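S.K.: The following block contains the structure, expressed as structure tokens.
In this note's numbering, the protein residues as written are 430 to 851.
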């Protein structure tokens, strides 16, 4: 049996998905707890036939609670319509089981054990029922009304079945307090789950905004370069046309000037594109530390000076830092990330590793190594092409200790680096 399967399944989930799984499991556990704590304990207190009936009632109620909790959580995430009928069904079953348990305590076989078992069923089904129903209600006043209604209903039914006033008051307060506590737990769980999903969406939005900002910067640079030159070209071309119509020899001079400006514009555009493509390694290392820290990820950046590397190699390694950092932000669930640059046996080695990347099966990296979700597309493929141009290599995959590691290597001889890196 592969024990790594559940662990890999859990690590493959995002933080919001983990919180949702935990929330669902908690409410399903509450249903099991209700059956085990109340339904099964009756077998040691009352006659077998009566314990069987109590178990059957609690079992049906617990099963409906589990289904209602699951459907209500789906509704809170917008995956289905509000399960109104199911919630009304749960309310009706809760009331029926509670009344039946109270009737058994009042009119059933005598004995304190029967009263204790039936009373436990009465109180617990009301508390668990109110808490589960609160999952399907978002309005605060309706939650208050739900809790108050369960408490008042418990007291009223107790009085109607002949319970003393003091006992009915105690039942009312107990159900009111228990259902309020459970309802608060339900409402807080939904709020927490929504908050995690909103934070995850905000993180992706931030990454998209970073890309959009870079595109705007590139667009501004092109506009600054081309705007003036194109205006001059248009004016001089118009002037050359007018001079040519008049048979003036100066028209040739104006077109020569247009040609010169056009060639200069081509050169300036190439410079802008080269500057965009050739990222600076030092800047990217500092930027990775800043953006990961801002995202709440503890980041460690280590390495010596990088000024001895050629511009081409720095650009390739800088893009590796940028791509790996983007993957950590968008596709992982990291709490820690380390970025390091060092010399090893004639190679410049860049290592980026983190503790929270999701690794789906079948996502292949180099030599069959898995890569993070979303990282197996054009990003890593483009990095391999950049590194291959400087005779470098790229490896990405899981490492010991539940880490995910990206390693880019470039030979020092090709890099044109200094002999010894600090």
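Glycine included, each C-beta is placed from N, C-alpha and C at the ideal position. As the structure is a computational prediction, the values presented were derived from the model and not from experiment.
Could you tell me how far apart the beta carbons of residue 757 and residue 721 are, in whole angstroms, since I believe they sit closer than 8 angstroms?
M.R.: 7 angstroms
S.K.: Evaluate residue 451 with the Cβ neighbour count: other Cβ atoms within 10 Å of its Cβ, from every protein chain shown; 16 or more gives buried, anything less gives exposed.
M.R.: exposed
S.K.: If you count every other CB in all the chains shown that lies within 10 Å of the CB of residue 386, and 16 or more means buried, which is it?
M.R.: For the chain, the structure presents residues 430 to 851; residue 386 sits outside this window and is missing.
S.K.: If I measure Cβ to Cβ from residue 504 and keep anything under 8 angstroms in the same chain, skipping five residues before and after, which residues do I get?
M.R.: 510, 511, 512, 565
S.K.: Mapping the DSSP letters down to three states, classify residue 819 as helix, strand or coil.
M.R.: coil
S.K.: Given 8 angstroms as the limit, is there contact between the segment 650-663 and the segment 687-696, that is, 3 or more CB pairs closer than that?
M.R.: yes
S.K.: Whole angstroms is fine: what's the gap from residue 483's alpha carbon to residue 468's?
M.R.: 6 angstroms
S.K.: Within 10 angstroms of its Cβ, does residue 549 collect 16 or more other Cβ (buried), or is it exposed?
M.R.: By the 10 Å Cβ count, residue 549 comes out buried.
S.K.: Check the C-beta distance from residue 538 over to residue 610 and give it rounded, since I have them as a contact under 8 angstroms.
M.R.: In fact, because the Cβ distance is near 32 angstroms, the residues do not count as touching under 8 angstroms.
S.K.: Which partner residues does residue 832 have in the DSSP bridge list?
M.R.: Paired residue(s): 828.
S.K.: Could you work out which residue in 809, 490, 615 is closest to residue 755 when comparing CA atoms only?
M.R.: 809
S.K.: In the structure shown, what three-state DSSP assignment does residue 779 receive?
M.R.: Residue state, collapsed to three classes: strand.
S.K.: My understanding is that residue 488 touches residue 556, with C-beta atoms under 8 angstroms, so please give their C-beta distance in whole angstroms.
M.R.: Actually they are not in contact, since the Cβ atoms of residue 488 and residue 556 sit about 17 angstroms apart, beyond 8 angstroms.
S.K.: The ligand FMN and residue 773: does any heavy atom of the ligand fall closer than 7 angstroms to the residue's C-beta?
M.R.: Among the ligands in the structure shown, none appear at all, so the ligand FMN cannot be discussed.
S.K.: Let me know the secondary structure DSSP gives residue 837 once reduced to three states.
M.R.: Three-state DSSP puts residue 837 in a strand.
S.K.: Out of 507, 676, 494, point me to the one whose CA is closest to residue 517's CA.
M.R.: Of 507, 676, 494, the residue nearest in Cα terms is 494.
S.K.: Where DSSP assigns a beta bridge to residue 767, which residues make up the other side?
M.R.: Answer by DSSP bridge pairing, in chain order: 729, 782.
S.K.: Ordered along the chain, which non-local residues of its own chain (more than five positions away) have a Cβ less than 6 angstroms from that of residue 813?
M.R.: 823
S.K.: Residue 773 by DSSP, collapsed to three states: which one?
M.R.: In this structure, residue 773 counts as strand in the three-state DSSP scheme.
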